[in-house]
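J.:
Number of protein chains: 2
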Amino acid sequence: MNDTPPQTRIQARNRAVILDAALEVFAARGFRGATLDRIAQVAGLSKPNLLYYFRSKEALHLAILENLMELWLAPLRALDPEGEPRTQIMGYVRRKLEMSRDHARESRLFANEILQGAPRARPVLEGTLKALVDEKAELIAKWADEGRIAPVDPHHLIFSIWALTQHYADFEVQLHAIMGETDPFPAAEAWLERVFGAVLDPAAPPADRT
Amino acid sequence: MNDTPPQTRIQARNRAVILDAALEVFAARGFRGATLDRIAQVAGLSKPNLLYYFRSKEALHLAILENLMELWLAPLRALDPEGEPRTQIMGYVRRKLEMSRDHARESRLFANEILQGAPRARPVLEGTLKALVDEKAELIAKWADEGRIAPVDPHHLIFSIWALTQHYADFEVQLHAIMGETDPFPAAEAWLERVFGAVLDPAAPPADRT
DNA sequence: CGTGAATTTTACCGGGCGGTCAAATCGATG
DNA sequence: CATCGATTTGACCGCCCGGTAAAATTCACG
């Protein structure tokens, strides 16, 4: 699987620099909108030199995607079957929101990829991601059955967590246009605690069950 | 304001065809990723012919954005100060979700634009959109003050509605990878009613007010 | 059905794109 | 400090892109 283990010090450094620059540019422009010239420029290298480290634009994008996958799935992976349900889920929400604050570029890169049909990420989505989501959804369903959280649709709960947290990274420009210079994250954290607190509260079952 | 009123029948038809094709392509690939050749191909016209109707790629994209803005803001605009608060807000959620179902391309076009820094839409965001959001946020705040809905942060409530509903259009590929062929919208509608029902319920104030 | 305007097509251009290649330079090792 | 592989560069290629020019075609209307 690991095709090119970085050997020399120079290789390790330049690969890292390139990956960072590419993350920047891919996140801001999408795959087709990004250019190798610009990535090279941001990385402070010549384009042929960049292509010395990554065979092609495609290979570079794939390398980023692979690198990111672990980081991206970690919060959901950390959902602990042994933990207290509400604490676990609220912790997941908090970690995902921190992800949007501290790794906005990664979030936008994923958003770009998926928006444009996930031509490169689809295998990962259908493989690793689906397996992980199904596993955790089952866990959440169990918690709901046991009455430890309100009865919820586990998949849509997870989607909601993704949507609400990633929104703060992906649509930052829009929030900024509306809210001005204010840092939205403190308020966002309180708000999300409020929202999912209300949704998960086992004492308050679905409002209007007709 | 309206610079080029379509006069002949041919103009009206072709402009419409082009705008539809361009919506398709811009939504799927973003501005820089879209090409005039592809748009022309989808529209069933030659590229110079397309450029006969729209001076440039830029102008075409702007025309789409203008066309879309009304459609896009309509649901929020429809929030009625005279209506019953919860009905109004739940109606807004429902209309936004219908938007994601019936106008997914439009949603993805906006998402692309904003993700990539809204280089063309920023004026609208900071002008029309901000004004509208501020107005409706004030309305929601009033409702909350009057105790007719739970005390909420109006801006973050609106962002949440956007995030949750648009997610179903913008990240469709991801949902599809996880959920398979199932149409997510019926479940989504029930789920969102559940979520916002719980959040707005004035009987259940913020869980842990420290 | 002739005519002038509206529309469409063919041919093209300059620039930027992803990528290649061979030569130049660097750097670790003896 | 010589050597040889690792790294970097400059020059270049073929293609695609946004856009233009002008000729060819079609259309509305008298």
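One line per chain: the protein sequences are E and L, in this order.
Counted from 1, the first sequence has number 186 at position 186 by full-length UniProt numbering; the numbering is strictly sequential.
Counted from 1, the second sequence has number 62 at position 62 by full-length UniProt numbering; the numbering is strictly sequential.
From the three backbone atoms N, C-alpha and C, an ideal C-beta is built for every residue, glycine too.
1) Specify, as a first and last residue, the run of the alpha helix (DSSP H) that Pro75 of chain E falls within.
2) Can you check whether the CB of Phe196 of chain E is closer than 8 Å to the CB of Tyr39 of chain E?
3) Going by beta-carbon coordinates alone, are Ile178 of chain L and Lys130 of chain E separated by less than 8 Å?
4) Residues in the same chain with beta-carbon distance under 8 Å from Leu73 of chain L, minus the five sequence neighbours each way, listed in chain order, please.
5) So, helix, strand or coil for Leu19 of chain E, using DSSP?
6) What did DSSP end up calling Arg148 of chain L once you bin it into helix, strand or coil?
7) Is the Cβ of Gln116 of chain E closer than 8 Å to any Cβ of chain L?
8) Could you check the C-alpha separation between Val25 of chain L and Phe31 of chain E for me, to the nearest Å?
9) Within a Cβ cutoff of 8 Å, which residues of the same chain sit near Ile158 of chain E, ignoring the five residues on either side of it in sequence?
10) Which bits of chain L does Glu126 of chain E rub up against, with CB to CB less than 7 Å?
11) Does the separation of the CB atoms of Gly147 of chain L and Pro81 of chain L fall below 8 Å?
12) Under a CB-based cut-off of 8 Å, is Gln7 of chain L close to chain E?
13) Asp153 of chain L to Val124 of chain L, Cα distance in whole Å?
14) Assuming Leu23 of chain E contacts Glu106 of chain E under a Cβ cut-off of 8 Å, what Cβ separation, rounded to an integer in Å, is found between them?
15) Under 8 Å by Cβ, that's how I've got Ala115 of chain E and Asp170 of chain L pegged, so tell me the actual separation to the nearest angstrom.
16) Please list the residues of the region 154-166 of chain E that have a C-beta atom closer than 9 Å to any C-beta atom in chain L, keeping them in chain order.
17) State the Cα-Cα distance for the pair Glu84 of chain L and Ala144 of chain L, rounded to the nearest angstrom.
18) How would you call Met1 of chain L, buried or exposed, if buried means at least 16 neighbouring beta carbons within 10 angstroms?
19) Comparing the C-beta of Gln88 of chain E with each C-beta of chain L, is any distance below 8 Å?
20) Give the straight-line distance between the Cα atoms of Met99 of chain E and Ala43 of chain L, rounded to the nearest whole angstrom.
21) Along the region 96-109 of chain E, what residues have a CB closer than 8 Å to any CB found in chain L?
22) Considering only the beta carbon of each residue, do Ala118 of chain L and Val173 of chain E sit closer than 8 Å?
23) Take Glu113 of chain E and list the residues in its own chain whose beta-carbon comes closer than 6 Å to its own, dropping the five residues that flank it on each side.
24) I'd like the span of the alpha helix (DSSP H) that includes Ser46 of chain L, first residue to last.
25) Measure from the C-beta of Val17 of chain L to each C-beta in chain E and report whether the shortest distance is under 8 Å.
26) Using CA coordinates, which residue listed in E:Thr165, E:Arg108, E:Leu62, E:His61 is at the minimum distance from Arg95 of chain E?
T.: Let me lay it out:
1) The count along the first sequence starts at 1 and reaches residue 75 of chain E at position 75. Where Pro75 of chain E is concerned, the enclosing alpha helix (DSSP H) stretches over 57-77.
2) Along the first sequence, read from residue 1 onward, the residue named residue 39 of chain E stands at position 39. Along the first sequence, read from residue 1 onward, the residue named residue 196 of chain E stands at position 196. Per the sequence shown, residue 39 of chain E should be read as Ile rather than Tyr. For Ile39 of chain E and Phe196 of chain E, no; Cβs fall outside 8 Å.
3) Indexing the second sequence from 1 puts residue 178 of chain L at position 178. Indexing the first sequence from 1 puts residue 130 of chain E at position 130. In this structure, Lys130 of chain E lies closer than 8 Å to Ile178 of chain L by Cβ.
4) Residue mapping note: residue 73 of chain L aligns to position 73 of the second sequence, counting from 1. Cβ within range, chain order: Thr128, Leu129, Leu132.
5) Start at 1 with the first residue of the first sequence, and residue 19 of chain E comes out as number 19. DSSP places Leu19 of chain E in helix when its eight states are reduced to three.
6) By one-based count along the second sequence, residue 148 of chain L stands at place 148. Reduced to three states, the DSSP call for Arg148 of chain L is coil.
7) As a first step, residue 116 of chain E is located in the first sequence; it is residue number 116 there, counting from the start. At least one chain L Cβ lies under 8 Å of Gln116 of chain E.
8) The sequence position of residue 25 of chain L within the second sequence is 25, counting from 1. The sequence position of residue 31 of chain E within the first sequence is 31, counting from 1. Near 15 Å, if we compare the C-alpha coordinates of Phe31 of chain E and Val25 of chain L.
9) Position 158 of the first sequence, counting from 1, holds the residue named residue 158 of chain E. Taken in chain order, the residues that qualify are Leu76, Val133, Lys136, Ala137, Ile140.
10) Working through the first sequence from its first residue, we reach residue 126 of chain E at position 126. By Cβ distance, chain L contributes Ala177.
11) As a working mapping, residue 147 of chain L is identified with position 147 in the second sequence. As a working mapping, residue 81 of chain L is identified with position 81 in the second sequence. No.
12) Here residue 7 of chain L refers to the residue found at position 7 when the second sequence is read from its first residue. No, Gln7 of chain L does not count as interfacial toward chain E.
13) In the second sequence, the residue the question calls residue 153 of chain L occupies position 153. In the second sequence, the residue the question calls residue 124 of chain L occupies position 124. C-alpha separation (whole angstroms): 23 Å.
14) The sequence position of residue 23 of chain E within the first sequence is 23, counting from 1. The sequence position of residue 106 of chain E within the first sequence is 106, counting from 1. Right, their Cβ atoms sit about 7 Å apart.
15) Your numbering for residue 115 of chain E matches position 115 in the first sequence. Your numbering for residue 170 of chain L matches position 170 in the second sequence. Sequence inspection shows Leu at residue 115 of chain E; the Ala mentioned does not correspond to that position. Leu115 of chain E to Asp170 of chain L, Cβ: 6 Å. Contact.
16) His155, His156, Leu157, Ile158, Phe159, Ser160, Trp162, Ala163, Leu164, Thr165, Gln166
17) Position 84 of the second sequence, counted from the first residue, corresponds to residue 84 of chain L. Position 144 of the second sequence, counted from the first residue, corresponds to residue 144 of chain L. Answer to the nearest angstrom: the Cα atoms are 12 Å apart.
18) Position 1 of the second sequence, counted from the start, is the residue given in the question as residue 1 of chain L. Since pLDDT at Met1 of chain L reaches only 38, below the 50 mark, its modelled position is unreliable, and the value read off the structure follows with that caveat. That one is exposed.
19) Indexing the first sequence from 1 puts residue 88 of chain E at position 88. It does not; no Cβ of chain L falls within 8 Å.
20) Position 99 of the first sequence holds residue 99 of chain E. Position 43 of the second sequence holds residue 43 of chain L. In a straight line, the C-alpha of Met99 of chain E is about 41 Å away from that of Ala43 of chain L.
21) Arg108
22) Along the second sequence, read from residue 1 onward, the residue named residue 118 of chain L stands at position 118. Along the first sequence, read from residue 1 onward, the residue named residue 173 of chain E stands at position 173. Contact flag set, yes.
23) Numbered from its first residue, the first sequence carries residue 113 of chain E at position 113. Result list for Glu113 of chain E: Ala121, in chain order.
24) Along the second sequence, one-based indexing puts residue 46 of chain L at 46. Segment: none, Ser46 of chain L is in no alpha helix (DSSP H) and carries neither H nor E.
25) Along the second sequence, one-based indexing puts residue 17 of chain L at 17. No - not a single Cβ of chain E is within 8 Å of the one on Val17 of chain L.
26) Taking the first sequence and counting its residues from 1, the one referred to as residue 95 of chain E is at position 95. Looking at the Cα atoms, E:Thr165 is the closest of the given residues.
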